[in-house]
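Participant: Chains as they are written, first to last, in my numbering: chain A, 3 to 297; chain B, 36 to 399; chain C, 152 to 521. Just so you know, even glycine gets a beta-carbon here, dropped at the ideal spot from N, CA and C. Here the structure is a predicted model, which is why all the values come from computation and not from measurement.
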Amino acid sequence: MEKAINNRAWFFVLPVLVFVLFSSLVPLMTVINYSVQDTMGQNNFFFNGIAWFQNLLDPTTDIGGRFAAALVRNLLFSFVVLLIELPLGVGAALCIPRHGWKVGATLVLIALPLLIPYNVVGTIWQIFARADIGLLGYVLTHLGIAYNDTQDPTSAWATILVMDVWHWTGMVALLAYAGLKSIPDAFYQAARIDGAGRWSVFRNIELPKLQKVLVIAVLLRFMGSFMIYTEPSIVTGGGPGESTSFLSLDLVKIALGQVDLGNGAAMSLVYNLITLTICWVFFTVMTQLDRRKDV
Amino acid sequence: MATITLDGIGHAYPSRDPGEARRYALKPVHHVWRQGRAYALLGPSGCGKTTLLNIISGLVTPSDGRLLFDGQDMTHVSTERRNIAQVFQFPVIYDTMTVRENLLFPLRNRGVAKAAAGARVQEIATLLDLVPVLDRRARGLTADAKQKISLGRGLVRSDVSAVLFDEPLTVIDPALKWELRSKLKAVHEALDMLMIYVTHDQVEAMTFADEVVVMNDGRVLQIGTPTELFERPAHAFVGYFIGSPGMNFLPAVLQGDSARVADAVFPLGMRYATRSGTIRLGFRPDYATVTTGGEGVPVAVRRIEDLGRRRLARVALGGHELVATLPPGTTLDGATARLHVTPQHLHVYVDDERIDGDTSGGAA
Amino acid sequence: MSVVLEHVGLRVGNDAVIDDVSLAFERGTMNVLLGPTLSGKTTLMRLMAGLDRPSTGRILVDGEDVAHVPVRRRSVAMVYQQFVNYPSLSVYENIASPLRVAGVGRAEIESRVAEAARVLRLEPFLRRLPAELSGGQQQRTAIARALVKRAALVLLDEPLANLDYKLREELREELPRLFAESGAILVYATTEPSEALLLGGRTATLWQGRVTQEGETPSLYRDPGNVDAARVFSDPPLNELPVVVAGGRARRSDGTPLPEAMIPSLPDGSYRIGFRVEHASVVEQDDVAASQGDVFPGTVSVTEISGSESFVHIDVGFAVWVCLVLGVHDWRPGARAAVSVDRDGIFVFAPDGSRLQPSVVRRLPHAATG
Numbered sequence: 003m004e005k006a007i008n009n010r011a012w013f014f015v016l017p018v019l020v021f022v023l024f025s026s027l028v029p030l031m032t033v034i035n036y037s038v039q040d041t042m043g044q045n046n047f048f049f050n051g052i053a054w055f056q057n058l059l060d061p062t063t064d065i066g067g068r069f070a071a072a073l074v075r076n077l078l079f080s081f082v083v084l085l086i087e088l089p090l091g092v093g094a095a096l097c098i099p100r101h102g103w104k105v106g107a108t109l110v111l112i113a114l115p116l117l118i119p120y121n122v123v124g125t126i127w128q129i130f131a132r133a134d135i136g137l138l139g140y141v142l143t144h145l146g147i148a149y150n151d152t153q154d155p156t157s158a159w160a161t162i163l164v165m166d167v168w169h170w171t172g173m174v175a176l177l178a179y180a181g182l183k184s185i186p187d188a189f190y191q192a193a194r195i196d197g198a199g200r201w202s203v204f205r206n207i208e209l210p211k212l213q214k215v216l217v218i219a220v221l222l223r224f225m226g227s228f229m230i231y232t233e234p235s236i237v238t239g240g241g242p243g244e245s246t247s248f249l250s251l252d253l254v255k256i257a258l259g260q261v262d263l264g265n266g267a268a269m270s271l272v273y274n275l276i277t278l279t280i281c282w283v284f285f286t287v288m289t290q291l292d293r294r295k296d297v
Numbered sequence: 036m037a038t039i040t041l042d043g044i045g046h047a048y049p050s051r052d053p054g055e056a057r058r059y060a061l062k063p064v065h066h067v068w069r070q071g072r073a074y075a076l077l078g079p080s081g082c083g084k085t086t087l088l089n090i091i092s093g094l095v096t097p098s099d100g101r102l103l104f105d106g107q108d109m110t111h112v113s114t115e116r117r118n119i120a121q122v123f124q125f126p127v128i129y130d131t132m133t134v135r136e137n138l139l140f141p142l143r144n145r146g147v148a149k150a151a152a153g154a155r156v157q158e159i160a161t162l163l164d165l166v167p168v169l170d171r172r173a174r175g176l177t178a179d180a181k182q183k184i185s186l187g188r189g190l191v192r193s194d195v196s197a198v199l200f201d202e203p204l205t206v207i208d209p210a211l212k213w214e215l216r217s218k219l220k221a222v223h224e225a226l227d228m229l230m231i232y233v234t235h236d237q238v239e240a241m242t243f244a245d246e247v248v249v250m251n252d253g254r255v256l257q258i259g260t261p262t263e264l265f266e267r268p269a270h271a272f273v274g275y276f277i278g279s280p281g282m283n284f285l286p287a288v289l290q291g292d293s294a295r296v297a298d299a300v301f302p303l304g305m306r307y308a309t310r311s312g313t314i315r316l317g318f319r320p321d322y323a324t325v326t327t328g329g330e331g332v333p334v335a336v337r338r339i340e341d342l343g344r345r346r347l348a349r350v351a352l353g354g355h356e357l358v359a360t361l362p363p364g365t366t367l368d369g370a371t372a373r374l375h376v377t378p379q380h381l382h383v384y385v386d387d388e389r390i391d392g393d394t395s396g397g398a399a
Numbered sequence: 152m153s154v155v156l157e158h159v160g161l162r163v164g165n166d167a168v169i170d171d172v173s174l175a176f177e178r179g180t181m182n183v184l185l186g187p188t189l190s191g192k193t194t195l196m197r198l199m200a201g202l203d204r205p206s207t208g209r210i211l212v213d214g215e216d217v218a219h220v221p222v223r224r225r226s227v228a229m230v231y232q233q234f235v236n237y238p239s240l241s242v243y244e245n246i247a248s249p250l251r252v253a254g255v256g257r258a259e260i261e262s263r264v265a266e267a268a269r270v271l272r273l274e275p276f277l278r279r280l281p282a283e284l285s286g287g288q289q290q291r292t293a294i295a296r297a298l299v300k301r302a303a304l305v306l307l308d309e310p311l312a313n314l315d316y317k318l319r320e321e322l323r324e325e326l327p328r329l330f331a332e333s334g335a336i337l338v339y340a341t342t343e344p345s346e347a348l349l350l351g352g353r354t355a356t357l358w359q360g361r362v363t364q365e366g367e368t369p370s371l372y373r374d375p376g377n378v379d380a381a382r383v384f385s386d387p388p389l390n391e392l393p394v395v396v397a398g399g400r401a402r403r404s405d406g407t408p409l410p411e412a413m414i415p416s417l418p419d420g421s422y423r424i425g426f427r428v429e430h431a432s433v434v435e436q437d438d439v440a441a442s443q444g445d446v447f448p449g450t451v452s453v454t455e456i457s458g459s460e461s462f463v464h465i466d467v468g469f470a471v472w473v474c475l476v477l478g479v480h481d482w483r484p485g486a487r488a489a490v491s492v493d494r495d496g497i498f499v500f501a502p503d504g505s506r507l508q509p510s511v512v513r514r515l516p517h518a519a520t521g
């Protein structure tokens, strides 16, 4: 419905516009600027067209190969993270009590990892996993399990996965819990009267009613895991070798480590585009599915 | 299929301080609900009707008395083992299933053979006019269709003891209500089931039920057919709650076979013994007429309400305002008029309870 | 104060939500907007309040166009169907809120809130929060807030729709009188004809964003100007029958002749007749043969009982008609019964929906037909 238009309303939008301009548009312009130029040093830049992008997207080149490998690593990581965290989070939400003082206590406990700064999480796990003094590493090694996250790629991967699960499953659980709480009691009563078992209640009532919340959880966790940086950079630093070198880590290495501005800029733009595209596809497919089912 | 017996069923919440009497959400009641009949629990919000319904469905365990299904004690049996069906205020459907799957669901859960289940679903869908949408997804349908699915899921099981309705027409568009009412009525006629319907709406209660249980403040005040509730309300609240507008009540003094209100005398046609307590005379606006002349009690005219189908006169008698019918074609000239009520429609209430007079004594 | 709507229209996309509405409201009057859900009542009220701006036409307050006056500068109060109160404020503070915004003095606020609480019987609950109140008390709080504001224009949008039956009946009695002393323009939107009749005053019937008729409430009920107005102002629904008149004989659309002289003599053509429940009565199956007049046999589909009235829905084969019986009468579904139509209650509508006034349709003497 059309509202009466009050022109003064635009004044209130101005600060936001200014903020967005300086926080997003200006840096983005800089990046775009670098991505189409090359330099011979001494601040001499010249226009380079789409050469950086061509290089990047060609897996036979050095940079292209690195990018492709990191991208596959990232996608695999996000996929495994979603595969573990969603069922685990929903499962945890189902176990949270619905009444009494236990509700608050459980929620705080679940939310605790979410409140820890990323670099602290990384540091905790870095020490926790050390084979010499870390509790986890020490215990595993003494149990006869070949574990060393600085030398063995499998150990490194497992450590980062477990850390992410520990860090973020709580968020999925909280979202799912909020979704479960909003299901009216009548549905549970009706299911009991219809003689439905626990699994049937989950399958036919809880899961369908959680659908909207889970779409949001998938989006958030995908973006979070796809852009992961701080924790692996502290725990493994991308190693051993290149085994945990995700796109974000690689990007930092190229742009800041090697001061390769052209490649770095092109890479960050493509990285950004991939994230946006995947999120958009997720969202559209999931909401479309939702709509089609009504017919 | 069953008869449900309320054997002194009541429910009180434990009081906070020990000295205080227990607060009853539902005061103990004895009653038998018979197989194949439709009952309505009627009363304002907070009257205890939902508590009573929850006791029958097993969501609340009563603090007093026993609940019997066909003589068998069910007081402590869980909801799922009571064999009851319930239709809730808001449609409860399984979103991901088709209408047919929704209707099959209770049968599948109980391991009913596929052929028998399919036939039963077809039968119920026919009864509820759901056949054309059987293979559509339940979620996309209108509120009234969804509510019919909820109802259908209750009815597909042939072994249910009772079908409970918790204000099922709340979300239905007013224009479609009568259609669903007639559907409910048809279901009741077609299937030999005990049905219990909770509502705050007198129209719904009286339209649906063979017998209406009127409740207020945790108490069952009267159980009767719609005619009984309208013609002979056993309690002043029933007189007020049933009918629109409700009954008129005037403080009265009993004088043998007549009642005196202020300076006016109403002949009762029956002799009443003198009673202690607050005595009030009650009569329905529908049975009281106001005319310019003729017999009757003189009243002051306050206001005329033209309601299209009928006209009501708001009049005053000795400072008490009351409502009466203005017969078609009558015009009131002046500030006073005559109020006339036939003795058979006058009721005497002592402390809100209706008492009967002695007909033989009245003739003497 | 007076509020005048001049050819007001509102388009959203290609749909006319409000279509050329002209109405005038005088101070101290009760005005009912009667129409089914989505007929444009709420939209019209939003336009009057200044929450939306009309796409065409003008809204004049005391003769001046108010298109550019923002809502908060207008003297308007609104009560909604949902119970809208500030959840974190006590009932007292809820009622006082418009006065605080207006910067009314402390003593004045106290006396005005006390007065509003008294007339709406909210005195025992002033310290409570809205969530601790029953639905009726919550809505009375919202009404009290509108009352203390002493607005010149009070818009009530189905304020009683979400309340219990009996409570609705009582508040309906009180509402018009509460505001009567303030001299405000009261506009009351409802879907229920009985509510409009109880409130009295003037009524405008709305159908699909258009005002189909406007006038004194009771006379509007008795004298609908067109089929849309008649339908909107009938509950239970208007009983209808399309008829074709050829050679002075009226038939149903399937060719079956109607009883002689049931409807007045009309020029050849298609018509629609309508009659309300009070002009339809139930005839027992056994009495059908003996009964005189316009009788249609059928089967009872349901009886709706309100206590004072019973509405018997009878399927007469080509339609379901509703008859009125006074008191409690339970006609069982499936029972054979007939509808007897009272000729004096029949409205005749032309193909364009307009009603043919009784003066136009001349009744023929019985002998002249057939």
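Using a Cβ-Cβ cutoff of less than 8 angstroms, which residues in the same chain neighbour Val-297/A once the five nearest sequence positions on both sides are dropped?
Facilitator: Low per-residue confidence applies at Val-297/A: pLDDT is 47, beneath 50, and the placement is therefore not dependable enough to give any value.
Participant: What in chain A is Cβ-close to Asn-251/B, meaning under 9 angstroms?
Facilitator: Simply none; closest approach about 25 angstroms.
Participant: Where Trp-159/A and Leu-186/B are concerned, what is the direct C-alpha to C-alpha distance, given to the nearest angstrom?
Facilitator: Cα-Cα distance, rounded: 54 angstroms.
Participant: By Cβ distance, which residues of its chain are closer than 7 angstroms to Ile-236/A, with the 5 residues on each side in sequence left out?
Facilitator: Counting only Cβ-Cβ distances below 7 angstroms, and skipping sequence neighbours, we find Asn-121, Gly-124, Thr-125 and Gln-128.
Participant: Just reading off the beta strand (DSSP E) that Lys-62/B is part of, what are its end residues?
Facilitator: 58-68
Participant: Kindly list the residues whose CB is nearer than 6 angstroms to the CB of Pro-387/C, restricted to its own chain and excluding five residues on each side of it in sequence; keep chain order.
Facilitator: Val-428, Phe-462 and Val-473
Participant: Suppose only complete runs of 4+ residues qualify. What are the alpha helix (DSSP H) ranges in the segment 150-238 of chain B, listed by chain order?
Facilitator: 178-190 and 209-225
Participant: With a cut-off of 8 angstroms on the beta carbons, I'd call Tyr-59/B and Gly-253/B a contact; round off their distance for me.
Facilitator: 5 angstroms
Participant: Should Glu-87/A be labelled buried (16 or more other beta-carbon atoms within 10 Å of its own) or exposed?
Facilitator: buried
Participant: Which of helix, strand or coil does DSSP assign to Phe-500/C?
Facilitator: strand
Participant: Out of Ala-295/C, Val-362/C and Glu-259/C, which one is the CA nearest neighbour of Phe-276/C?
Facilitator: Ala-295/C
Participant: Quick check: Val-159/C and Val-172/C, are their CB atoms within less than 8 angstroms of each other?
Facilitator: yes
Participant: I need the straight-line Cα distance from Ala-221/B to Gln-359/C, nearest angstrom please.
Facilitator: 34 angstroms
Participant: Just to confirm, is the Cβ distance from Val-273/B to Leu-264/B under 8 angstroms?
Facilitator: yes
Participant: Does the segment 331-343 of chain C come within contact of the segment 187-199 of chain C, defined as at least 3 CB pairs closer than 8 angstroms?
Facilitator: yes
Participant: Pro-141/B: buried (16+ other C-beta within 10 angstroms of its C-beta) or exposed?
Facilitator: buried
Participant: To the nearest angstrom, report how far apart Asp-245/B and Trp-213/B are at their CA atoms.
Facilitator: 17 angstroms
Participant: Specify the secondary structure class of Val-358/B as computed by DSSP and reduced to three states.
Facilitator: strand
Participant: Under 8 angstroms, Cβ to Cβ, is there at least one residue of chain A near Thr-131/B?
Facilitator: yes
Participant: Using a cut-off of 9 angstroms between C-beta atoms, extract the partners of Leu-348/C located in chain B.
Facilitator: In chain order: Glu-340, Asp-341, Leu-342, Gly-343 and Arg-344.
Participant: Between which two residues does the beta strand (DSSP E) harbouring Arg-295/B extend?
Facilitator: 293-296
Participant: Considering Cα atoms alone, identify which of Pro-363/B, Thr-377/B, Thr-366/B and Ala-308/B is closest to Gly-317/B.
Facilitator: Thr-377/B
Participant: Please classify Glu-283/C as buried or exposed, where buried requires at least 16 other C-beta atoms within 10 Å of its C-beta.
Facilitator: exposed
Participant: Mind reading off the beta-carbon distance from Leu-326/C to Gly-287/C? Whole number of angstroms is fine, and I expect it under 8 angstroms.
Facilitator: Between Gly-287/C and Leu-326/C the Cβ distance is about 13 angstroms, and since that is not below 8 angstroms, they are no contact.
Participant: Kindly identify the DSSP beta-bridge partner or partners of Asn-35/A.
Facilitator: DSSP lists no partner for Asn-35/A.
Participant: Skipping 5 residues on each side, what residues in its chain have a beta carbon closer than 8 angstroms to that of Ala-154/B?
Facilitator: Taken in chain order, the list of residues that qualify is empty.
Participant: For the alpha helix (DSSP H) containing Thr-161/A, list its first residue and its last residue.
Facilitator: Per DSSP, Thr-161/A belongs to the alpha helix (DSSP H) from 155-183.
Participant: Quick check: does the Cβ of Arg-224/C come within less than 7 angstroms of any heavy atom belonging to the ligand GTP?
Facilitator: Absent from the structure shown: the ligand GTP. Ligands present: none.
Participant: Using CA atoms only, rank isn't needed, just tell me which of Lys-181/B, Asp-208/B, Pro-286/B and Arg-192/B is closest to Ala-148/B.
Facilitator: Arg-192/B
Participant: How is His-270/B classed by DSSP in three states: helix, strand or coil?
Facilitator: strand
Participant: My guess is that Ile-162/A and Pro-234/A are in contact by the Cβ rule of under 8 angstroms, so how many angstroms apart are they, rounded?
Facilitator: Yes, they are in contact, since the Cβ atoms of Ile-162/A and Pro-234/A sit about 5 angstroms apart, within 8 angstroms.
Participant: Does any CB atom of chain C fall closer than 8 angstroms to the CB of Met-403/B?
Facilitator: Past the boundaries of the shown model lies residue 403/B; chain B is included only from 36 to 399, so the question cannot be answered.
Participant: Please classify Phe-81/A as buried or exposed, where buried requires at least 16 neighbouring CB atoms within 10 angstroms.
Facilitator: exposed
Participant: Buried or exposed: Ala-518/C, going by 16 or more other Cβ atoms within 10 Å of its Cβ?
Facilitator: A caution first: Ala-518/C carries a pLDDT of 34, below 50, which makes its placement in the model unreliable, though a value can still be read off. Ala-518/C is exposed by the Cβ-count criterion.
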